[in-house]
Each structure stands twice: as structure tokens, then as C-alpha cells.
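Residue numbers (UniProt numbering): 1 to 154.
Written out as C-alpha cells, the structure reads:
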């Protein structure tokens with residue numbers, strides 16, 4: 001079985017986003033520990049579990065769409081995918097390093113819109129790929145609400 005360069009590229013971008021985001025995350029910082037978090041804030045271990053599953057789905061769906069799309073769809077999806085993962089990567093340093101929860105909330109809203117757009121684009125090419133991206137869209141929407149709640153409380 002041969003793995004296409006499109007699948008490798010999609011996976012590499014997702015892994016890169018995960019690594020950079022993971023390195024910028026600092027839930028053990030004094031700043032983060034002192035934040036007043038809402039009652040619906042998930043247990044800390046949930047984030048690693050959820051994001052591992054989401055990045056797996058993102059990588060698979062991205063590769064699936066890139067392999068199955070026609071030339072124009074492939075071009076448009078590749079741009080949207082790269083933009084989405086750039087937005088994904090940016091949230092963590094904005095929140096954890098710059099300590100800017102309001103800005104992180106706005107950035108997360110942009111990420112959610114970008115993710116919904118990615119689902120829409122994927123659906124034109126592969127329903128299973130679109131379905132794999134739906135939990136990502138739901139999580140980014142939840143993250144926007146959570147970020148906003150933290151920003152309001154602090």
C-alpha cells in the first residue's frame with residue numbers, strides 16, 4: 001500500500017499544529033491556576049484525550065479530501081486546511097503565553113468559523129471526511145464559549 005504525499009502533508013500539518021500547541025500550553029502556570037474557571041470547565045486530563053482524537057480525525061479527513069478532490073477543490077481545501085491549522089495553533093500562545101483570554105475568545109470564534117467551513121468543503125468531496133471533522137467543529141465552538149466564560153470571569 002502506498003501512502004500519497006497529500007495524506008502525508010495533511011498529517012504533517014496536523015501533527016505540527018499539535019506539537020506547537022502542546023509546547024505553548026502551560027496549565028501549570030500560576031497565571032492559569034489563579035483564573036476563575038466556570039463550572040463546566042472539563043477535567044484537565046480531558047484536553048489531551050480530546051485533542052489526540054481530534055487531531056487524528058483532522059489528519060485523516062484532510063488527507064482523504066486532498067486525495068479525492070478535483071484540482072480546484074483540492075487547491076481550495078488545502079488553503080482552508082492550512083489556514084484552519086494556523087488558527088488552531090495560534091490559540092494556545094494567545095491564551096497561555098500572552099495571557100489574553102478575550103483575544104483568545106475572538107481567535108477561537110474565527111477558528112470555529114474556519115472549522116465549519118472546512119466541514120462544508122470536505123462534505124463536497126467526502127461525507128466520511130466531513131463527518132470526521134464535525135467533532136472538531138463542536139469542540140472549537142465549546143472552546144469559544146469556554147474561553148469567553150473565562151475572559152468574563154477574570
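From the three backbone atoms N, C-alpha and C, an ideal C-beta is built for every residue, glycine too.
All values derive from a computational prediction rather than experimental measurement.
Range of the contiguous alpha helix (DSSP H) that encloses residue i
i, result
"residue 81", "71-92"
"residue 30", "30-34"
"residue 5", "5-24"
"residue 151", "127-153"
"residue 121", "101-123"
"residue 68", "44-68"
Environment of residue i [buried if 16+ CB atoms lie within 10 Å]
i, result
"residue 40", "exposed"
"residue 65", "buried"
"residue 29", "exposed"
"residue 31", "exposed"
"residue 53", "exposed"
"residue 125", "buried"
"residue 4", "exposed"
"residue 63", "buried"
"residue 121", "buried"
"residue 101", "buried"
"residue 49", "exposed"
For residue j and residue i, believed in contact at Cβ under 8 Å, the rounded distance
i, j, result
"residue 57", "residue 135", "7 Å"
"residue 111", "residue 88", "6 Å"
"residue 118", "residue 80", "6 Å"
"residue 133", "residue 82", "15 Å between Cβ atoms; not a contact."
"residue 115", "residue 140", "5 Å"
"residue 103", "residue 94", "5 Å"
Which listed residue (the options) has its alpha carbon closest to that of residue i
i, options, result
"residue 78", "10, 149, 154", "10"
"residue 148", "15, 35, 69, 72", "35"
"residue 47", "61, 131, 21", "21"
"residue 25", "6, 152, 51", "51"
"residue 7", "45, 33, 68", "68"
"residue 16", "55, 99, 96", "55"
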